[in-house]
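Undergrad: Counting from 464, one number per residue, gives the positions in the sequence shown under our numbering. Backbone N, C-alpha and C define an ideal beta-carbon position, used for all residues, glycine too.
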Amino acid sequence: MTDWTEAYRPRTLSEVRGNDKAREKLREWAENWDDHREAVVLYGSPGVGKTSAAHALASDMGWKTVELNASDQRTADVIERFAGRAAKNATLAGSAAGGGARGGDTASRQLVILDEADNIHGNYDRGGARAITRLVKEADQPIVLIANDYYEMSRGLRNACREIEFRDVSPRSIVPVLRNICRQENVDFESEALQRIAEQNAGDLRGAVNDLQAIAEGRDRITIEAVVTGDRDRTIGIFPFLDAVLKEETPEEALQSGYDVDETPDDLAKWVEGNVLKAYDTGEAARAYEFLSNADVWLGRVRATQDYSYWRYVTDNVAAGVAASRDGTKGGWTRWGRPQFWRSSDATAEEVVRKIAAANGSSMATARREILPYLSAVTHHCKPRELTVAMAAAYEFEEKHVSFVTGSGESTNKVQSIVEDAESLREERIADHAGGAFEPRREVDDTESDVDDTESDIGSDGESDADPGDGDPGDGVPGDGDPSEDKNREAETGDGENTDGEDDGQLSFGDFT
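(1) Look up ILE606 in the DSSP assignment and give the residues it is bridged to.
(2) Let me check understanding here. Comparing Cα to Cα, which of TYR613, LEU620 and TYR614 lies closest to LEU598?
(3) Please report how far the alpha carbon of THR686 lies from the alpha carbon of ALA656, in whole angstroms.
(4) Leaving out five residues on either side along the sequence, give the residues of the same chain with a beta carbon under 7 Å from the beta carbon of SER866.
(5) Apart from the five residues on each side of it in sequence, which residues of its chain come closer than 7 Å, Cβ to Cβ, to ILE819?
(6) Specify the secondary structure class of THR851 as computed by DSSP and reduced to three states.
(7) Only counting the same chain, and skipping five residues up and downstream in sequence, which positions put a Cβ closer than 8 Å to that of LEU476?
(8) According to DSSP, what are the bridge partners of TYR858?
(9) Quick check on LYS599: does DSSP put it in helix, strand or coil?
(10) For LYS818, name the three-state secondary structure that DSSP assigns.
(11) Can we say the segment 632 to 644 touches the segment 599 to 612, given the rule of at least three CB pairs closer than 8 Å?
(12) Runs of 4 residues minimum, wholly inside the segment 716 to 775: which ones carry the alpha helix (DSSP H) assignment?
(13) Which residue marks the beginning of the alpha helix (DSSP H) containing GLU655, and which one marks its end?
(14) Just tell me which of ASN649, GLU579 and LEU709 has its CA closest to the CA of GLU615.
(15) Does the beta-carbon distance from LEU705 to TRP774 come in below 8 Å?
(16) Are VAL690 and ILE660 closer than 8 Å when you measure CB to CB?
(17) Answer yes or no: do GLY681 and ASP631 have a C-beta to C-beta separation smaller than 8 Å?
(18) Please report the straight-line C-alpha distance between SER571 and THR528, rounded to a whole angstrom.
(19) Assign MET854 to buried or exposed, taking buried as 16 or more other Cβ atoms, counted over all protein chains shown, within 10 Å of its Cβ.
(20) From the DSSP secondary-structure annotation, give me the bridge partner or partners of LYS527.
(21) Where do the N-terminal and C-terminal ends of the alpha helix (DSSP H) with CYS645 fall, by residue?
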């Protein structure tokens with residue numbers, strides 16, 4: 464069966480539904496591109512027609528398109544080889560007509576489309592963001608960047624581009640699209656059914672078309688009953704969930720949304736905490752944070768016991784509790800954003816796991832699945848402090864690592880003081896573990912340096928400053944009362960506790976507790 468979102472994609476800008484102002488701004492940008500030569504960012508929620516508008520624009524202008532999207536690898540090298548080549552080189556027709564991209568027929572141009580420009584990060588896209596910023600500044604062809612969250616893009620990239628916002632498509636604009644598709648597909652419908660599909664997709668035109676196709680499959684008529692039945696089994700996205708909790712629905716309805724959303728309860732807590740101040744006033748936020756704190760307690764119990772039945776209490780607090788903190792419904796449109804914590808935590812998590820695995824001699828998988836959850840549970844919010852200091856010392860954690868494991872703020876005095884104390888503790892333990900190995904060696908008189916080592920060790924007259932056994936605890940000589948040296952001797956001779964003959968000099972978590 465043909466994908467209706469592709470079959471009925473707008474072919475011209477005039478067919479793009481909703482966002483009339485954005486559509487006209489995009490057309491104006493294209494028609495005057497030779498004067499300003501700037502790239503443009505189309506941003507807004509998923510499914511509102513950004514990519515479709517870019518392709519429709521190319522069709523209207525007679526431009527060819529070159530597209531690089533999230534399914535492609537987007538390293539600096541790939542961007543230079545594909546998108547860069549298209550953006551920096553005029554076509555043969557353009558060169559012949561006017562000596563380059565600045566002259567001749569505008570139909571000779573290529574429109575370079577870079578999808579999900581706000582989602583270029585991590586090792587997979589290494590160097591990609593810098594390459595795109597460089598590309599938009601040097602391009603000889605028009606470039607359109609597509610983004611869901613404008614502020615997830617780097618500041619340098621934002622400053623190098625014009626921006627056009629695509630707002631959520633209203634149900635009033637979605638319904639005519641659904642009606643036209645039904646008529647083209649010879650599917651009868653009830654108007655109420657199409658209205659319900661449009662409303663339940665929260666401004667997502669693409670989602671509405673997908674739902675229409677799913678419900679129409681195997682039917683020659685779409686009824687409200689069919690839509691309601693299909694709605695029982697559908698999940699919702701994170702943004703409709705945030706609308707439900709922070710703006711629109713009752714606590715009971717918000718709780719149901721919490722069950723329907725395709726996210727784990729701990730991720731829901733992060734999303735709500737990261738966006739609550741965008742919708743709530745001070746009093747509402749204070750009440751909401753109490754429920755989020757309760758949710759955090761239950762998440763701690765999940766980590767400590769691995770009993771995921773406690774997750775339902777997390778959802779109760781995050782969804783129903785936070786919704787109950789509102790004084791009423793809130794109108795208008797709010798741009799929800801990815802939690803700040805996630806923007807940097809992926810790399811931090813990898814660093815934490817590597818440090819734990821290296822210190823314990825375990826695999827990365829064991830460190831991630833077993834050791835890290837345990838450490839998070841026993842040092843939650845840096846309590847007890849002594850244990851948190853010991854952990855930071857054992858794994859050589861910096862502030863960001865302690866913050867990640869304990870859930871406390873990286874810039875707080877609490878975390879910073881723990882890291883400082885951990886460094887001091889580690890220095891003490893290293894000195895103890897070394898048994899005086901790092902203490903300065905004594906100066907040896909030139910006349911004594913020629914003495915036979917054996918004679919020097921035995922000490923014939925017992926009066927020289929270099930004479931062993933003189934009671935100096937720092938000289939590191941066996942039998943002189945230095946306990947650290949005695950322990951080292953035991954380890955070497957097999958008389959101590961280290962019976963396997965191995966001493967790699969590594970400090971373990973147990974050495975700090």
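TA: Working from what's here:
(1) Translated into the one-based positions of the sequence shown, residue 606 becomes position 143. Per DSSP, VAL575.
(2) Along the sequence shown, one-based indexing puts residue 598 at 135. When only C-alpha atoms are compared, the closest one is LEU620.
(3) Position 223 of the sequence shown holds residue 686. Position 193 of the sequence shown holds residue 656. Cα to Cα, THR686 sits roughly 6 Å from ALA656.
(4) Reading the sequence shown from its first residue, position 403 is the one you call residue 866. Cβ within range, chain order: GLY872, GLU873 and VAL878.
(5) Locating residue 819 in the sequence shown gives position 356, where the first residue counts as 1. Contacts found: ALA830, ILE834, LEU835 and TYR858.
(6) The residue labelled residue 851 in the question sits at position 388 within the sequence shown. THR851: helix per DSSP, three-state reduction.
(7) As a first step, residue 476 must be located in the sequence shown, where it is residue number 13. The beta carbon of LEU476 lies closer than 8 Å to those of ARG486, LEU489, ARG490, ALA516, ALA519, LEU520 and ASP523 in the same chain, with the five residues before and after it left out.
(8) Your numbering for residue 858 matches position 395 in the sequence shown. DSSP output for TYR858 lists no bridge partner at all.
(9) By one-based count along the sequence shown, residue 599 stands at place 136. What sits at residue 599 in the sequence shown is Val, not Lys. Note: VAL599 maps to helix in three-state DSSP.
(10) For this step, residue 818 is matched to residue 355 along the sequence shown. Of the three classes helix, strand and coil, the one that applies to LYS818 here is helix, per DSSP.
(11) no
(12) Correct list: 728 to 738 and 745 to 768.
(13) The residue labelled residue 655 in the question sits at position 192 within the sequence shown. Counting along the chain, the alpha helix (DSSP H) containing GLU655 begins and ends at 654 to 663.
(14) As a working note, residue 615 is residue 152 in the sequence shown. Measuring from the Cα of GLU615, the nearest candidate turns out to be GLU579.
(15) Position 242 of the sequence shown, counting from 1, holds the residue named residue 705. Position 311 of the sequence shown, counting from 1, holds the residue named residue 774. No, they are not a contact pair.
(16) Stepping through the sequence shown from its first residue, residue 690 is reached at position 227. Stepping through the sequence shown from its first residue, residue 660 is reached at position 197. Yes.
(17) Here residue 681 is taken as the residue at index 218 of the sequence shown, counted from 1. Here residue 631 is taken as the residue at index 168 of the sequence shown, counted from 1. Taking 8 Å as the Cβ cut-off, GLY681 and ASP631 do not qualify as a contacting pair.
(18) One-based indexing of the sequence shown puts residue 571 at position 108. One-based indexing of the sequence shown puts residue 528 at position 65. Between SER571 and THR528, the C-alpha separation is close to 11 Å.
(19) On the sequence shown, position 391 is the one that residue 854 refers to. Burial state of MET854 is buried, judged by a 10 Å Cβ sphere holding 16 or more other Cβ atoms.
(20) In the sequence shown, the residue the question calls residue 527 occupies position 64. Bridge partners of LYS527: GLN573.
(21) Walking along the sequence shown from the start, residue 645 turns up at place 182. Start and end: 634 to 647.
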